[in-house]
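Input: a single structure, listed below in structure tokens.
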């Protein structure tokens, strides 16, 4: 298969497959993960270590395993499929209660009265200030 960028024309070889096995987006994800491992995570790892990652394809590639073991002296351990939301402590222990509190405070909040006593004419500044105060109150409840 041959394609021209931007994808205006696509020609498939007769009898061949029209599937594209790799594309720019996949290689960008892979490059980003490898760059993160080498340049960011490497400074935080003390040997020996175990690094837990979700099982996204480019996170647990052969090259990721190689970098973790050979360059960083750590073991890469992927989480089981569909378990990321249950296993991530920050999401489960902090962000979920924060979002729940934020939603509950929003539902209980009085309607913002605008400058001319019309409840539907509140300014953007008033709305932003209400959101900031709501976020502070929700964070204090976590």
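In full-length UniProt numbering, the protein residues as written are 1 to 142. Just so it is clear, CB atoms sit at the ideal spot from N, CA and C, and this is done for glycine as well. Keep in mind that this is a model prediction, so the values were computed, not measured.
Note down, in chain order, each residue of its chain lying with its Cβ closer than 8 Å to the Cβ of residue i, except the 5 sequence neighbours on either side.
i	result
residue 137	101 and 105
residue 109	130 and 134
With a Cβ-Cβ cutoff of 7 Å, do residue i and residue j count as a contact?
i	j	result
residue 55	residue 89	no
residue 87	residue 76	no
residue 33	residue 58	yes
Between residue i and residue j, what straight-line distance do the alpha-carbon atoms span, to the nearest angstrom?
i	j	result
residue 49	residue 39	17 Å
residue 95	residue 74	28 Å
residue 98	residue 60	31 Å
residue 63	residue 36	13 Å
residue 130	residue 140	15 Å
residue 122	residue 31	46 Å
residue 132	residue 126	10 Å
residue 46	residue 68	12 Å
residue 142	residue 83	24 Å
residue 124	residue 51	44 Å
residue 53	residue 128	36 Å
residue 111	residue 41	46 Å
Can you check which of these residues, the options, is closest to residue i by C-alpha distance?
i	options	result
residue 43	132, 142 and 71	71
Using a Cβ-Cβ cutoff of less than 6 Å, which residues in the same chain neighbour residue i once the five nearest sequence positions on both sides are dropped?
i	result
residue 7	Note that residue 7 scores 49 on pLDDT, short of 50, meaning its location in the model is unreliable; the coordinates nonetheless yield the value given after this. Counting only Cβ-Cβ distances below 6 Å, and skipping sequence neighbours, we find nothing.
residue 9	Reliability fails at residue 9, whose pLDDT of 49 lies under 50, so the model's placement of it is uncertain and the value that follows must be treated cautiously. Closer than 6 Å at the Cβ level, and outside the excluded window around residue 9, lies no residue.
residue 65	76
Give every residue of the same chain whose Cβ lies closer than 7 Å to the Cβ of residue i, excluding the five residues on either side of it in the sequence, and list them in chain order.
i	result
residue 135	102
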